Amino acid sequence: MTPPAGADGRDRPGEFEIIGDIFAPLAAGAPGAWGLKDDAALFHPTSGFETVLTVDAMVAGVHFLPDDPPESIAKKLLRVNLSDLAAKGAVPRGYLLVTSFPADIDTGWIRRFAEGLAADQARYGVTLWGGDTVKTPGPLTLSLTAIGEVPEGRIVRRGGAQAGDDLYVTGTLGDAALGLAVLKNEIAGLDAAHAAFLAGRYREPEPRTTFGQRLPGIAHAALDVSDGLMADLGHLCSASGLGAQVEFHRLPVSEAGRAALELHPELSDLVASGGDDYEILFAVPPGRAGLADAAAAESGVRIARIGTLLPAGKGVTAVDEAGREIPLKRLGYRHF
Ligand SMILES: [Mg+2]
Numbered sequence: 417m418t419p420p421a422g423a424d425g426r427d428r429p430g431e432f433e434i435i436g437d438i439f440a441p442l443a444a445g446a447p448g449a450w451g452l453k454d455d456a457a458l459f460h461p462t463s464g465f466e467t468v469l470t471v472d473a474m475v476a477g478v479h480f481l482p483d484d485p486p487e488s489i490a491k492k493l494l495r496v497n498l499s500d501l502a503a504k505g506a507v508p509r510g511y512l513l514v515t516s517f518p519a520d521i522d523t524g525w526i527r528r529f530a531e532g533l534a535a536d537q538a539r540y541g542v543t544l545w546g547g548d549t550v551k552t553p554g555p556l557t558l559s560l561t562a563i564g565e566v567p568e569g570r571i572v573r574r575g576g577a578q579a580g581d582d583l584y585v586t587g588t589l590g591d592a593a594l595g596l597a598v599l600k601n602e603i604a605g606l607d608a609a610h611a612a613f614l615a616g617r618y619r620e621p622e623p624r625t626t627f628g629q630r631l632p633g634i635a636h637a638a639l640d641v642s643d644g645l646m647a648d649l650g651h652l653c654s655a656s657g658l659g660a661q662v663e664f665h666r667l668p669v670s671e672a673g674r675a676a677l678e679l680h681p682e683l684s685d686l687v688a689s690g691g692d693d694y695e696i697l698f699a700v701p702p703g704r705a706g707l708a709d710a711a712a713a714e715s716g717v718r719i720a721r722i723g724t725l726l727p728a729g730k731g732v733t734a735v736d737e738a739g740r741e742i743p744l745k746r747l748g749y750r751h752f
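The opening residue of the sequence shown carries number 417 in my numbering; numbering runs sequentially from there.
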């Protein structure tokens, strides 16, 4: 039974309404999810594949803005996880969802959140397999576990890069960090279309799902850029036991990003340090450059070669066009 609306007129849903009415339709088409009516779900991996699991949590005010549209929050939650699967070369299949709602959440908000999930389920070919919903005295907190599969033995790990590999990145960098600045009204005078593009990159990142599935056999190592390019490069170098040099002027910047940086040149380090872009950083042996280009073209994704992996003793450095070293502290590089 639906609880009565509170004194403020908000319609506050109960747990069974949330699961039965709002989330159960997201499980349609998932044979092992039984309409979310059992204690657990069953997954039959495709023969010759192994299962890849990843989980990410997001907290209002930390990972998204509390007044972001609920559809966008849902999409970002799913997409940051699909991005991790993409970086491992996996095909996404399904997901588990835990929602911790503040007591004053209303049904309309949750319905819009579910609509965002439904749209992305169709877009990325995944279904909801289970989860839990609870009330919290704290801010809205969401956790999503994505399940994918990759041909046996073909997962692309963070380790595995070799000295001499070229470093590549998909898409463009810095957009999400600039988008967050736009949403906080910190970038004045930007063309409305550019502002909307950057805000969209913050709110609804684009996981490189199709391209990621082509990484096995091409990339020695990969990860997605969530903390910022230099920070994530640090993770890749740490796992691979290598150093690296990034050529700052080769970092790909969108047209909207360029427009924002023309107005605010002091923000240009965000290209290397800004988080939340969810592009894929990957290491390719020079002999496979043609394969990487072909995979990018077939996936409709732009890739850029941005540097080189070096032996561990060389450390991690960034240089400008003239070959001058750029201080790493400025670029958000965290030593491991
Ligand atoms: Mg990641």
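Ideal Cβ positions, reconstructed from N, Cα and C, are used throughout, including at glycine. In this text the structure is predicted, and so the values were computed from the model without any measurement.
Hey, would you say the C-beta of residue i is under 6 Å away from at least one heavy atom of ligand 1?
| i | result |
| --- | --- |
| Asp640 | yes |
| Asp693 | no |
| Asp643 | no |
| Asp582 | no |
| Asp500 | yes |
In chain order, what residues of the same chain lie with their CB nearer than 8 Å to the CB of residue i, ignoring the 5 residues before and after it?
| i | result |
| --- | --- |
| Glu622 | Arg495, Gly587, Tyr694 |
| Glu620 | Ser488, Lys491, Lys492, Arg495 |
| Thr462 | Glu565 |
| Arg718 | Thr586, Gly587, Thr588, Pro668, Ala712 |
So, under 8 Å CB-CB, residue i and residue j are touching, yes? Tell me the CB distance rounded to an integer number of Å.
| i | j | result |
| --- | --- | --- |
| Gly580 | Leu725 | 7 Å |
| Thr549 | Ile722 | Contact flag wrong, Cβ pair sits at about 42 Å. |
| Thr637 | Ala734 | Sequence inspection shows Ala at residue 637; the Thr mentioned does not correspond to that position. Going by Cβ atoms, the distance from Ala637 to Ala734 rounds to 19 Å, so no, they are not a contact pair. |
| Ala720 | Val585 | 6 Å |
| Arg617 | Gly595 | 5 Å |
| Pro567 | Gly464 | 6 Å |
| Glu737 | His665 | 4 Å |
| Leu683 | Ala597 | 7 Å |
| Ala655 | Gly575 | 4 Å |
| Ala444 | Leu452 | Between Leu452 and Ala444 the Cβ distance is about 10 Å, and since that is not below 8 Å, they are no contact. |
What is the DSSP secondary structure of residue i, counted as helix, strand or coil?
| i | result |
| --- | --- |
| Lys491 | helix |
| Met417 | With a pLDDT of 38 at Met417, under the threshold of 50, the modelled position of this residue cannot be trusted, and the question is left open. |
| Arg573 | coil |
| Arg630 | coil |
| Ser654 | helix |
| Glu671 | helix |
| Val598 | helix |
| Tyr540 | helix |
| Ala660 | strand |
| Arg509 | strand |
| Val735 | strand |
| Tyr584 | strand |
| Arg704 | helix |
| Ile722 | strand |
| Val478 | coil |
| Leu683 | helix |
| Ser499 | helix |
| Leu452 | helix |
| Glu568 | coil |
| Ala444 | coil |
| His751 | In this prediction, His751 scores a pLDDT of 48, lower than 50, which makes its location untrustworthy; no coordinate-derived value is stated. |
| Gly422 | In this prediction, Gly422 has a pLDDT of 49, which is less than 50 and means its spatial position is unreliable; nothing more can be read from the coordinates. |
| Asp432 | The residue you asked about is not Asp; residue 432 is Phe in the sequence shown. Helix. |
| Ser642 | coil |
| Phe517 | strand |
| Phe465 | strand |
| Pro727 | strand |
| Lys504 | coil |
Please return the same chain residues whose Cβ sits closer than 6 Å to the Cβ of residue i, not counting the five positions on each side in sequence.
| i | result |
| --- | --- |
| Gly690 | Gly590, Ala593, Gly644 |
| Ala672 | His610, Phe613, Leu614 |
| Val641 | Asp648, Asp693, Glu695, Leu697 |
| Asp754 | Residue 754 is absent from the model: the chain starts at 417 and stops at 752. |
Excluding the 5 residues preceding and the 5 following residue i in the sequence, name in chain order all residues of the same chain whose CB lies nearer than 7 Å to its CB.
| i | result |
| --- | --- |
| Ser559 | Val471, Ala473, Val514 |
| Val475 | Pro555, Thr557 |
| Ile634 | Val700, Arg704, Leu707, Ala708, Ala711 |
| Pro508 | Leu498, Leu501, Tyr540, Gly541, Val542, Ala562, Gly564, Thr625 |
| Leu469 | Thr561, Ile563 |
| Ala456 | Gly546 |
| Cys653 | Gly659, Ala660, Val732 |
| Ala534 | Leu442 |
| Gly422 | Per-residue confidence for Gly422 stands at a pLDDT of 49, beneath the threshold of 50, marking its modelled position as unreliable; the derived number appears in the next sentence. If we look at Gly422 and ignore the five residues flanking it on each side, its Cβ neighbours are Arg428. |
| Glu431 | Thr549 |
| His680 | Ile603 |
| Asp484 | Arg619 |
| Arg527 | Ile438 |
| Glu531 | Glu487 |
CB of residue i to nearest heavy atom of ligand 2: below 6 Å?
| i | result |
| --- | --- |
| Gly451 | Summarising the ligand content, the structure contains ligand 1 and does not contain ligand 2. |
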